[in-house]
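Notes for the one structure printed next.
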Amino acid sequence: MSLQICLRCLSRPSAPSQIRLVPTTTNKQTAAFTTSTPHAAAGRIQVSQMKPKRTGNKPTATRPVRVKRLSPKNVPQRTGRPPAPGERKALRKRVVLSNTNALEVQGMPDLNPWQLFDKSMHGSVAGLPDDVVDPLRVVEAFKPTQGWSLFRRPATLVRSETVEMASWVQEVHNSQEGKTVRKVLFGERGSGKSVLLLQAMAMAFSKGWVVVNFPEAKDLTIGHTSYVPLYRNNQLYIQPHYTASLLAALPKANPILADLRPSREHNLPISVPPNISLARLCDLGKDPEIAWPIFQAVWSELTAPSQPDEGEGLVRPPVLMALDGLHHIMCESEYLDRDGKHLHAHNLALVQHFLSHLSGASPLANGGMIIAATSGSNKAASPALDFALRRNEALASSPGADIPAWDPYRKIDTRSLKAMDGVEVWRIEGLSKEEARGIMEYYAKSGMMRQTVSDTLVGERWTLSGGGIVGELERGSVRMRI
Amino acid sequence: MDSPLLRRCARAVTTTHKHIRRRAATQQCRFYADQSDFRAAAPIRFDQPRAELLDNDDRSRGRRDEKPEIDLYSLRIVPASPSYFTATPQYTDDLLHLSTLVRRHKLLPHLPQGEAPRIAWKTIDQYKTEKAEPVKMKGYNALLKLLKELNYIHPSLMPEEVKAALETFKRDVQPYLNVPKPLTVDAYGVSIAVGRRKSSSAKVYLVEGTGEALINGRPLTDYFGRLHDRESAVWALKCTQRLDKYNVWALAKGGGTTGQAEAITLACAKALLAHEPDLKPALRRAGCVTRNPKRVERKKPGKLKARKMPAWVKR
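Here it is, written out as structure tokens:
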């Protein structure tokens, strides 16, 4: 059993870490016999001996003659336990969903997809029910930069876009022939794209769909997870560890998978019993070595036609697949191929999987939704995607409108352009004044905003947030307490 | 009469006593003019031979009939104005003339205090150069006081002589005539104003609306990432609680983010004043009306920046 040692200060952790998000291959064993603090342990190297001695006390043009420097004896000693591997990342990514100091808003309705068509719900804030919050947390739908930690319980505004989304969910749910809605959400930073994705996922969870979420497309292309070329395929690369973590989260977020069983045989590297549930199959996929074939098997099962008459476990619900940060998969990734050139993101199997569904090349037999959202704050440079969004928007607005044309003398990523062909795009704009009023009343009722919500205040905040951009509205009303 | 001294006598020459011959010792010499010889020269007649070639009789015959003989020996030249005997005759004359005008037109209706047209009068140095006289400051101030009093006469009833007198004392270029064009609201309800700060300038089109704001075609949040800058750009509307009543279209260039935001502040305030002039005291209290004159100070030789000196070396 290997003992973990921090390579910087050669200290050992005194307690094992509890939280881990990214699957690691190292075995975590801590020294149970340790009673002294790591710093008191023998073999500790002084910090001063590790750092090179500073030279250059000579006067320069801008520095006075005498420079006071700390002598090596006076360097402050670092005390305390250094964090375990993954602890800092966990702290950074943790999402707090409750603030006990905020007031509870009495009479706040829950986000019920069947009730969203009621006109009275529009413009008010609806809370997320607990049975939806847990799966959303597992799929990492909540982001740490969002303001969930300011209020008593997680709640979102029902805006016109939410009602539209609910109507599509309803349409897909009620359709017999497996209707698929494919959308790309784009708009200004803070306009509420990620929260709209969350609302769609919440509606899907409450309707019993299977939800697959890629919370940050950046994680797919940044090169931080392992990648392996597919057997006898130089073009496609799989990402075993990422796929394994995806499969690990799938049954936890979708308990319905425990009730489903495969409808046919799959050629898998390991032998699986024939009546295995899909949840158990996903659990088997936690091993990175076999994660990709198992993922393919699970996916083919989910997109197999639903056979409710055959027996139990062969009913297939619709599938919602969501991705945030589309720009990152529409350009070159950080991975390198054998020649040392950067891989295009479309050469990654998971990315290809998502994009084939987004473009409609791979249909969903039981219907569902494929939604992608761009990120205003975390954007990769993808002129092709920006152009495709403008072009698709122009095409959808009116057939005779001027459709932007790309300068033929400038290079463009044709693969990304082709991937966006025929994809519906949806511009998310600011709230209306009534919706702004609704959310400001929620802030006031929660006690996080002390001012009285009047027309003047609503108008002022609406203008200062650039026409009702929700993120800016929240920042100006709740975060900046002037 | 040729001599300048005699030319300036406005009044007729008077002789106070009878013609007395007094011959001084100088008269013995033939070079000094005798009384009988001292007479005005005859006009040059080109058709005749030169005077010295004529006889005395011819000369005297021509002059005696035309004009009476002036006894220049006993001539008393009286100056036109008694101020000739002062050190500053023209100044004294002006002062007296203006005093006369003031006294004469004292009963004419005057403008209320503070509403007289603003005039740039000649400075004392300009006046002294013009008149070539050693006028003192105290004296000139007295003159200015009279001018200002005359300026208060109602313009519709100001006499011509007063107007003429005031004109001579006005500076050639009147800086107060250079008034800025008043900002108006045009037929479409738009008012346009320009504001500047540091090296940024902004032009704002303000129109009644619902509270939208676009800077260089981009929304407010897109252009100004900082909330502080956003608030200062529309501060004129925010502090008067009119954010939801007007739409702003701004074009900003030059400088940096905050400079452009502050430039838009000033322009927005000016444009708002075109719509609602009564808001001026409120906007002044909010600090939107004055153009901040601060600029980046230039680097000077011998220093590292505008003020920063290089390290002091003892020797």
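Chains as they are written, first to last, in our numbering: chain A, 1494 to 1975; chain B, 3 to 317.
Glycine included, each C-beta is placed from N, C-alpha and C at the ideal position.
Check	Outcome
For C1824/A and R1725/A, the rounded distance between their alpha carbons	24 Å
Beta carbon proximity, D231/B to chain A, threshold 8 Å	no
Exposed unless 16 or more other CB atoms sit within 10 angstroms - verdict on N1567/A	exposed
Under 8 Å from the C-beta of M1696/A: neighbouring residues of chain B	In chain order: nothing, as chain B lies at least about 28 Å away.
Selected residue, minimal CA-CA separation from L216/B, among V1656/A, F1847/A and G1960/A	G1960/A
Coil, strand or helix - R317/B by DSSP	coil
Where the segment 263-288 of chain B meets chain A: residues whose CB sits under 7 Å from a CB there	none
At least 3 beta-carbon pairs within less than 8 Å: the segment 272-285 of chain B vs the segment 197-215 of chain B	yes
Beta carbon of A167/B nearer than 8 Å to that of L103/B	yes
Uninterrupted beta strand (DSSP E) stretches inside the segment 1870-1921 of chain A (no shorter than 3 residues)	1917-1921
Residues from the segment 1909-1934 of chain A in contact with chain B, defined by Cβ distance under 7 Å	none
Separation of R105/B from P114/B, as counted between CA atoms	19 Å
CA-to-CA distance, R1809/A to N1859/A, given in whole angstroms	7 Å
Beta strand (DSSP E) runs wholly inside the segment 1586-1673 of chain A, at least 3 long, in chain order	1618-1620 and 1648-1650
P1722/A - partner residues in DSSP beta bridges	Y1730/A
Boundaries (first-last residue) of the alpha helix (DSSP H) holding A1693/A	K1686 to K1700
Amino acids of chain A, ordered along the chain, whose beta-carbon sits closer than 8 Å to that of Q243/B	T1949 and E1953
Contact under 8 Å by Cβ, R1453/A with H1839/A	Because chain A spans 1494 through 1975 in this model, residue 1453/A falls outside it and cannot be assessed.
Beta carbon of A1697/A nearer than 8 Å to that of L1629/A	no
One or two residues paired with N249/B in a DSSP bridge	V209/B
When K140/B, H107/B, T242/B and T125/B are compared against Y154/B, the one with the closest alpha-carbon	H107/B
Residue-chain proximity (T1956/A, chain B), Cβ-Cβ < 8 Å	yes
First through last residue of the beta strand (DSSP E) which encompasses M1973/A	Element bounds for M1973/A: n/a, residue is neither H nor E.
Exposed unless 16 or more other CB atoms sit within 10 angstroms - verdict on A1854/A	exposed
Interface partners of R1968/A on chain B, CB under 8 Å	L229
Minimum Cβ-Cβ distance from G213/B to chain A less than 8 Å	yes
Span of the alpha helix (DSSP H), counted from its first residue to its last, around S101/B	P91 to R106
Proximity to A1746/A [Cα-Cα], best of G1701/A, Y1735/A and H1734/A	G1701/A
Exposed unless 16 or more other CB atoms sit within 10 angstroms - verdict on E1681/A	buried
Own chain partners of P312/B with C-beta closer than 8 Å, once the 5 adjacent residues on each side are dropped	K305 and L306
Straight-line gap, S1684/A to V1963/A (C-alpha atoms, nearest Å)	6 Å
Residue environment, A134/B, which counts as buried when at least 16 other CB atoms sit within 10 Å	exposed
Sequence-distant residues of its chain with Cβ nearer than 7 Å to A1784/A (five each side left out)	P1733, T1736, A1737, L1740 and G1778
Cα-Cα separation between E71/B and R47/B, rounded to whole angstroms	20 Å
Burial state of A235/B, where buried means 16 or more other Cβ atoms lie within 10 Å	buried
H112/B - partner residues in DSSP beta bridges	I155/B
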